[in-house]
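Protein chains in written order, with the working numbering: chain A, 8 to 120; chain B, 1385 to 1496.
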Amino acid sequence: EAGVTQSPRYAVLQEGQAVSFWCDPISGHDTLYWYQQPRDQGPQLLVYFRDEAVIDNSQLPSDRFSAVRPKGTNSTLKIQSAKQGDTATYLCASSRDWGYEQYFGPGTRLTVL
Amino acid sequence: GEQVEQLPSILRVQEGSSASINCTYENSASNYFPWYKQEPGENPKLIIDIRSNMERKQTQGLIVLLDKKAKRFSLHITDTQPGDSAMYFCAANPDSNNRIFFGDGTQLVVKP
């Protein structure tokens, strides 16, 4: 089966610019996760969805970050006004609703100058 | 939530020897403990996992141990090869919502 796909793979921004990341989960996976992975750290959960509903977005900086999954399939994560501290790799993962194993996409490496 | 501590941060071993990575967690409700391997520029890939109803699991040169009383779990790689060199992350799942919380990783370097 095809894996989780993400685009773009890389992004370089100036502070204050906006950027969107796109994720296509594995077909049939109801649950989709967005993680932020700073350099030399483990992934940190930002938000996750079951179908189109947000289950937990408590770690999402809501003043600048937003995430949607309108049809319960693809998802978009947007940073409204990027800061240097947002520099990280943004990983998308998906899993079957009843299972635990999460499959990760290749990530988007963001650099904010 | 959950807080996962992982040690060591860097581990250098000689090819053919074994390597051990240790993690601790805080939330006694955690019931699922996956291990991921991440190579440079690649996504994390699940290599082995263990659930709270088990104390030991083994697959293809990997052994995971779980001590629920001590809230500790560990990964042991036997007969390491240069291809095992990568970043390894432990993680814990504290609830039924499928959230997992990662440690900060161990950089394993296997010297030929």
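Every residue gets a Cβ at the ideal spot worked out from N, C-alpha and C, and that includes glycine.
If you check each beta-carbon in the segment 1474 to 1495 of chain B against every beta-carbon of chain A, the ones closer than 9 Å belong to Cys1474, Ala1475, Asn1477, Asn1481, Asn1482, Arg1483, Ile1484, Phe1485, Phe1486, Gly1487, Asp1488, Gly1489 and Gln1491.
Within chain B, the residues Asn1427 have their CB atoms less than 7 Å from the CB of Gly114(A), given in chain order. A buried status is given to Gly49(A), since no fewer than 16 other beta-carbon atoms sit within 10 Å of its beta-carbon.
By the Cβ rule, the segment 1485 to 1493 of chain B counts as touching the segment 1386 to 1398 of chain B, because three or more pairs are nearer than 8 Å. When the alpha-carbon of Phe72(A) is set against those of Phe111(A), Asp58(A), Gly112(A) and Gly92(A), the nearest one is in Gly92(A). A direct Cα-Cα distance of roughly 16 Å separates Tyr1420(B) from Val11(A).
When Cβ-Cβ separations below 8 Å define contact, Glu108(A) makes contact with chain B. When DSSP states are grouped into helix, strand and coil, Pro1418(B) belongs to the strand group. In terms of beta-carbon proximity, Pro50(A) lines the interface with chain B, with at least one pair separated by less than 8 Å.
No Cβ-Cβ contact shorter than 8 Å links Leu1492(B) with Ala1413(B). Straight-line spacing of the CA atoms in Asp37(A) and Lys1453(B) works out to 34 Å. Only residues of its own chain outside the window of five on either side were considered, and among them Tyr17 and Thr96 have a CB closer than 6 Å to the CB of Arg116(A), listed in chain order.
The beta carbons of Ala60(A) and Ile33(A) sit no closer together than 8 Å. In the structure shown, Gln13(A) falls within a strand segment according to DSSP collapsed to helix, strand and coil. If you ignore the 5 residues before and after Glu1389(B), its C-beta comes within less than 7 Å of the C-beta of Cys1407, Thr1408 and Gly1487, all in its own chain and listed in chain order. Per DSSP, reduced to three states, the secondary structure at Gln91(A) is helical. Residue-level contact check: Leu1430(B) touches chain A, since one or more beta carbons of chain A fall below 8 Å from its beta carbon. The beta carbon of Tyr1416(B) sits closer than 6 Å to those of Arg1435 and Asn1477, all from its chain and outside the five residues before and after it, given in chain order.
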